[in-house]
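**Q** So that we are looking at the same thing, I have put the structure below in C-alpha cells.
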Amino acid sequence: MAPNPKVAKACKAMKTYGIAERTVLPVLKNLLDLYDNNWVYIEDENYRVLADAFFDGQNDKKSTKAQPSLGNPEECKPQYRKYGLRSQKDQPSVPVNDFRDRPELARVIPPVGFSDKKVSETSSCLMEILPNYDDETPVSCRRKRKLVYQEEEDHSVELKSGDTTSNQIGGHYNGESVADEMPLYDAPLAIIRPGIEDPSHSNYSGMDVRYIEESNAKRETNTPSSIELASSSGGEVKISLICNSPDVRVRSLDAVLKAMEEKCLKSYNITDPAFSLKVMKDVCECFLSLGMVSTSSDPVNPEKGPPSVDGLETSKQLVVANSRLHKAAKFHCTLNLSNGSAKFQNLFRAQPCIPRSVVSKSLVGLNKIINASFFLDDITKGEESRKISMVNEINSERQPAFNYIPKNVTYRGAYVKFLLSRISDDNCCSSCVGDCLSQEIPCACTGETGGLFAYRPGGLLKEDFLEKCILMNQNLSPNLFYCEDCPLLRSEDSRVSGTCNGHVVRNFIKECWYKCGCSKGCGNRVVQRGITANLQVFMTPGEKGWGLRTLENLPKGAFVCEYVGEIVTNSELYDRNKQSAGEKHTYPVLLDSDWGSEGVLKDEEALCLDATYYGNIARFINHRCGDANMVEVPVEIETPDHHYYHVAFFTSREVTADEELTWDYGIDFGDTNHPIKAFKCCCGSKLCRQYKKRKSMSYVLSILFTAWHHKSISSQFCIIIKFHE
Ligand SMILES: C[S@@+](CC[C@H](N)C(=O)[O-])C[C@H]1O[C@@H](n2cnc3c(N)ncnc32)[C@H](O)[C@@H]1O
Numbered sequence: 001m002a003p004n005p006k007v008a009k010a011c012k013a014m015k016t017y018g019i020a021e022r023t024v025l026p027v028l029k030n031l032l033d034l035y036d037n038n039w040v041y042i043e044d045e046n047y048r049v050l051a052d053a054f055f056d057g058q059n060d061k062k063s064t065k066a067q068p069s070l071g072n073p074e075e076c077k078p079q080y081r082k083y084g085l086r087s088q089k090d091q092p093s094v095p096v097n098d099f100r101d102r103p104e105l106a107r108v109i110p111p112v113g114f115s116d117k118k119v120s121e122t123s124s125c126l127m128e129i130l131p132n133y134d135d136e137t138p139v140s141c142r143r144k145r146k147l148v149y150q151e152e153e154d155h156s157v158e159l160k161s162g163d164t165t166s167n168q169i170g171g172h173y174n175g176e177s178v179a180d181e182m183p184l185y186d187a188p189l190a191i192i193r194p195g196i197e198d199p200s201h202s203n204y205s206g207m208d209v210r211y212i213e214e215s216n217a218k219r220e221t222n223t224p225s226s227i228e229l230a231s232s233s234g235g236e237v238k239i240s241l242i243c244n245s246p247d248v249r250v251r252s253l254d255a256v257l258k259a260m261e262e263k264c265l266k267s268y269n270i271t272d273p274a275f276s277l278k279v280m281k282d283v284c285e286c287f288l289s290l291g292m293v294s295t296s297s298d299p300v301n302p303e304k305g306p307p308s309v310d311g312l313e314t315s316k317q318l319v320v321a322n323s324r325l326h327k328a329a330k331f332h333c334t335l336n337l338s339n340g341s342a343k344f345q346n347l348f349r350a351q352p353c354i355p356r357s358v359v360s361k362s363l364v365g366l367n368k369i370i371n372a373s374f375f376l377d378d379i380t381k382g383e384e385s386r387k388i389s390m391v392n393e394i395n396s397e398r399q400p401a402f403n404y405i406p407k408n409v410t411y412r413g414a415y416v417k418f419l420l421s422r423i424s425d426d427n428c429c430s431s432c433v434g435d436c437l438s439q440e441i442p443c444a445c446t447g448e449t450g451g452l453f454a455y456r457p458g459g460l461l462k463e464d465f466l467e468k469c470i471l472m473n474q475n476l477s478p479n480l481f482y483c484e485d486c487p488l489l490r491s492e493d494s495r496v497s498g499t500c501n502g503h504v505v506r507n508f509i510k511e512c513w514y515k516c517g518c519s520k521g522c523g524n525r526v527v528q529r530g531i532t533a534n535l536q537v538f539m540t541p542g543e544k545g546w547g548l549r550t551l552e553n554l555p556k557g558a559f560v561c562e563y564v565g566e567i568v569t570n571s572e573l574y575d576r577n578k579q580s581a582g583e584k585h586t587y588p589v590l591l592d593s594d595w596g597s598e599g600v601l602k603d604e605e606a607l608c609l610d611a612t613y614y615g616n617i618a619r620f621i622n623h624r625c626g627d628a629n630m631v632e633v634p635v636e637i638e639t640p641d642h643h644y645y646h647v648a649f650f651t652s653r654e655v656t657a658d659e660e661l662t663w664d665y666g667i668d669f670g671d672t673n674h675p676i677k678a679f680k681c682c683c684g685s686k687l688c689r690q691y692k693k694r695k696s697m698s699y700v701l702s703i704l705f706t707a708w709h710h711k712s713i714s715s716q717f718c719i720i721i722k723f724h725e
C-alpha cells in the first residue's frame, strides 16, 4: 500500500533532525491519537511538536535508565541538544520545575538574579535545559542556582521572602538538594505578575500580564512578585504565586484561606465554566489585600484601598485556556504562609498525559485571546463532544442571549414524530452488519441517493454528490418548485399575498439509524455523530456580527455542523417575526427542500428551524452570495418524512484554518415574503446579489443623471426614478 503522504512528509522532516523513520512512527501515532488525527498541530512549525515529543520520549527513557552524575558536562549534552530545536538564545530565563518525580513539590521561582551569570557549583547537570543566559557562558557551567527551601514536614517547598535579594538560592528537600533532583524547564509558558515596578509605590492596580513565547521571552530580573503558569511534560499544570515584595506580607495562611473561602468558594457555582478564572483572581486578590493589610500603609498614597487585580482580567484567558486544556483540572490550593514567607502550591492539578507541547501550542494561540475583549471557553456548555470557544477581538460585545442545544426540539405546533414504526424495512437496512460502506451491494439506505452512498469511507461527501448540491444551491439548476398554495403566503388573516417565489428542490441523504442492522461506526452515519471539527465563534470585523470559523484545515466535502433550533411551523415563525421585528439578526431556516413532492402542505407540516432562542453554533454562520464555502444538505435520519429533516453543512471546497465558514442563505434580496429578513449584504463576494442590484441601480441613476445634466430628460423624471429606487 502506498504510504500516507502526510506520514512520509513527517518522516522526511524528522530525518533532517537525524531521526530515523522507524522511531518516528510510534511517536507520530501517539500524537495522531492525541490530536484526533488532526495534522494541523503536528505539521505546524515544521513538525516541532513531533520533534519535541520524540525528544521528550528519548529524554524520559534516558532519565529512567541512568541518572547522570552531577556536574558532568558531557552527560548534559544530549539533553541540551533536545532543546536545540527551539531557539535557545532568546529563551526566557525563568525556569520551571518538572514535578514528574516529586509531584508533592511545588515550584518556587527565584525572583531575582536570573540575569546573573555566576552559577553555583552545587547545581545539577539538569541545568542544561535552562536557556542560554549568555553566549559566553560555557554549556557545562550553566548551572541552576540553588533555591532556598525550608524543609517541612508536609514535604512542601517554601520560599523565604527575606531571601529575595540573594543570588544564592538553594533547594532542599528532606536534606537533599531539590534543585539536583528536579529537572527544569527551558521556559515558563506564561508569567503573570503584578506591575509593582517600584516597591515603594504600592500601586497594585495595574497587573502586568504578559504571555511569554518560548522563542521571544525576555529574562526576568528583579521580579518582586510573580505568578507563574507552567506545565510539565507529564501534563501537570502548576501555578505558583511568589511574592517577595517587602510591601506584601501575608499575616497567616488561615487568614488567606478564610478570605478566599468567603470570597469565592462559598459563592461559586462550580458548573460555571469560568470558575477557575474566578478562583485564580480571588486567590490573588486575597493574597494581595491581606498582604497590604499587614504591611505599613502606602507611604505615597495612604488613602489607597486594598490592591485590585483587575489586570488579572486579562489573564483570565490563560487560566480559562488552561482549564480547557485540562478537562479534569481540579482546583486545589494548599497555602502555607508563615513568618512572612509565602508558599502556594499546586493551585491547579491537571490531568496527566497532556504533553507540554500541547500546552505551549495553545498558549501561542492565546496571544490573540489576550487581546480579546471577550473570550468564552466553550459556548456549547459541554453539550458537544468538543469545546467550541467564542472570541471577540473587535468590539465589546459579549455572548448573545440564547440557549445552546445540540439537537432540534419541537416548539409547539410542529408535526414531527420520530416513530420507529414509520421507518419501514424497505428504507432501512435491517439485515446489514458492520459498516454498510464496505459492503459490495449498497444497502436499502441508499434509496434516496440513487442506489449509491453519498459518503466516502472517512465521512467526506462524494465529489459528484457534492457538486450537485452546490449547483442546486446556487439556483443554477431548474430545480425550483413553485407551490400552488405556498405555506409562506397562506394565512388565516391574509397577512401576506402574492405568488410563490419558488423553493429549491435538493438531494437528500439518508443515514443509517437505529432500525438498521449496521453498527454505530457505519460509514453511512456522519451527521448524527455531531461536530468533530475544531471551530470557533468569533466577532467579524465588518457589519455582519458574530461568525463561525474553522481553526483547522478542512477538506472538501467535510461535515461541519448541523443547523439546530426549535422546530416551528411557518405561522409560528410569522408570529415570532412580528414580535421580534427590528431585531438586528434573524435565525430561521426553512425546511422546504421537499415541499414539491406532496401537493398542498398543512400548516403544521410546513416547518422551519428557528435558532433565535435555542440553537447551536450554526446560528452564527453568516451568509455569502454564490461562492460560500459550505453547502446545506438535507439529511434524513429518524424519519422518512421529509417535512422534517436535518440541515447539515458540508464544505464545498477546501477551507483553511482561520477562514470564516459561510453558506448561501438563498435569499432573494427583493423578496419581502421570505422568512429570512433581507439585510444589507456585506458578504464581499464578487457574486454578491445585493451588491449587483445596488450597482445596477446606481448605474441606471448615473445614466439618468448624465442625461439630466445634458438636459435630455427633465428633473421631474429623474426624481420619480429615484423615488422608486
Ligand atoms: C443566522 S444570523 C448569523 C449570525 C449573526 N451574524 C450574529 O451575530 O448572530 C443571520 C444574521 O447575520 C447577519 N448577516 C449574516 N450574513 C450577513 C452578510 N453577508 N451581510 C450582512 N449581515 C449578515 C444578518 O443580520 C442576519 O440577519
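Sequential numbering from 1 applies to the sequence shown in full-length UniProt numbering. Note that CB positions come from ideal geometry on N, CA and C, so glycine has one too. Values in this document were obtained by computation on a predicted structure and should not be read as measured data.
Determine, using beta-carbon pairs with one atom in the region 399-406 and one in the region 514-529, whether at least three such pairs fall under 8 Å.
**A** no
**Q** Let me make sure I understand the geometry here. Which of A558, M539 and K515 has the alpha-carbon closest to that of E463?
**A** A558
**Q** State the CB to CB distance for the pair C445 and C516, rounded to an integer number of angstroms; the pair is presumed to be in contact (CB under 8 Å).
**A** 7 Å
**Q** Our contact map puts Y645 next to E654 with C-beta atoms below 8 Å; I'd like the distance itself, whole angstroms only.
**A** Not really, about 27 Å apart at Cβ, beyond 8 Å.
**Q** So G542 and C682 are in contact, right, with Cβ under 8 Å, and what is the actual spacing, rounded?
**A** 5 Å
**Q** May I have all residues whose beta carbon comes closer than 5 Å to any heavy atom of ligand 2, sorted in chain order?
**A** No copy of ligand 2 occurs in the structure displayed; its ligands are ligand 1 alone.
**Q** Flag this pair as yes or no: are the beta carbons of N565 and L607 separated by less than 8 Å?
**A** According to the sequence provided, residue 565 is Gly. The question's Asn does not apply to it. It is not a contact, given that the beta carbons lie outside the stated cut-off.
**Q** Would you decide whether R422 is buried or exposed? Buried here means 16 or more other CB atoms lie within 10 Å of its CB.
**A** exposed
**Q** What are the complete beta strand (DSSP E) segments, minimum 3 residues, inside the region 535-573?
**A** Fully enclosed beta strand (DSSP E) runs of 3 or longer: 535-539, 546-550, 559-563 and 565-569.
**Q** Taking DSSP as the reference, what is the three-state secondary structure of V40?
**A** helix
**Q** Taking only the alpha-carbon atoms, compute the straight-line gap between T16 and E659 and give it to the nearest angstrom.
**A** If you take the alpha carbons of T16 and E659, they lie about 32 Å apart.
**Q** Using 8 Å as the limit for Cβ to Cβ distance, is E440 near chain D?
**A** In the structure shown, chain D does not exist; there is a single protein chain.
**Q** Between A20 and the rest of its own chain, which residues show a CB-CB distance below 7 Å, the 5 nearest in sequence each way excluded?
**A** none
**Q** Let me know if L50 comes out buried or exposed under the rule of 16 or more other beta-carbons within 10 Å of its beta-carbon.
**A** buried
**Q** Look up D610 in the DSSP assignment and say whether it is helix, strand or coil.
**A** strand
**Q** Using a Cβ-Cβ cut-off of 7 Å (strictly less than) and excluding sequence neighbours within five positions of L461, which residues of its own chain qualify?
**A** A454, Y455, G557 and F650
**Q** Quick check on DSSP: helix, strand or coil for A20?
**A** coil
**Q** Mark T586 as exposed unless 16 or more other C-beta atoms lie within 10 angstroms of its C-beta, in which case mark it buried.
**A** By the neighbour-count rule (16 or more Cβ atoms within 10 Å), T586 is buried.
**Q** Return yes when the Cβ of N392 is within less than 8 Å of the Cβ of A372, no when it is not.
**A** yes
**Q** Determine which residues share a DSSP beta bridge with Y404 and list them.
**A** G615
**Q** Look up A648 in the DSSP assignment and give the residues it is bridged to.
**A** E562 and V633
**Q** Can you list, in chain order, the residues of its chain whose CB lies under 6 Å from that of K677, leaving out five sequence neighbours each side?
**A** T586
**Q** Identify the continuous alpha helix (DSSP H) that holds F465 and give its terminal residues.
**A** E463 to N473
**Q** If you draw a straight line from the alpha carbon of N577 to that of L376, how long is it in whole angstroms?
**A** 29 Å
**Q** Quick check: the Cα distance between D592 and Q536, rounded to an integer number of angstroms?
**A** 29 Å
**Q** Where do the N-terminal and C-terminal ends of the alpha helix (DSSP H) with V416 fall, by residue?
**A** Where V416 is concerned, there is no enclosing alpha helix (DSSP H), because DSSP gives it neither an H nor an E.
**Q** Quick one: what's E660 bridged to in DSSP?
**A** Partner(s): R549.
**Q** Taking the straight line between their C-alpha atoms, what separation do you get for F54 and S385?
**A** Taking the straight line from one Cα to the other gives about 29 Å.
**Q** Would you kindly work out how many angstroms separate the C-alpha atoms of K602 and V647, rounded to a whole number?
**A** 21 Å
**Q** In chain order, what residues of the same chain have a beta carbon less than 8 Å from the beta carbon of C555, not counting five sequence neighbours either side?
**A** Note that residue 555 corresponds to Pro in the displayed sequence, not to Cys. Around P555: L460, T651 and E654.
**Q** Please name the residue, chosen from F538, V600 and C443, that lies closest to D378 on a Cα-to-Cα basis.
**A** F538
**Q** Tell me the rounded alpha-carbon separation between Y482 and M472.
**A** 15 Å
**Q** Which residues in the same chain have their Cβ closer than 6 Å to the Cβ of M14, if we skip the five residues on either side of it in sequence?
**A** V24.
**Q** Roughly how many angstroms lie between the CA atoms of G434 and I441, to the nearest whole one?
**A** Each residue's alpha carbon lies about 14 Å from the other.
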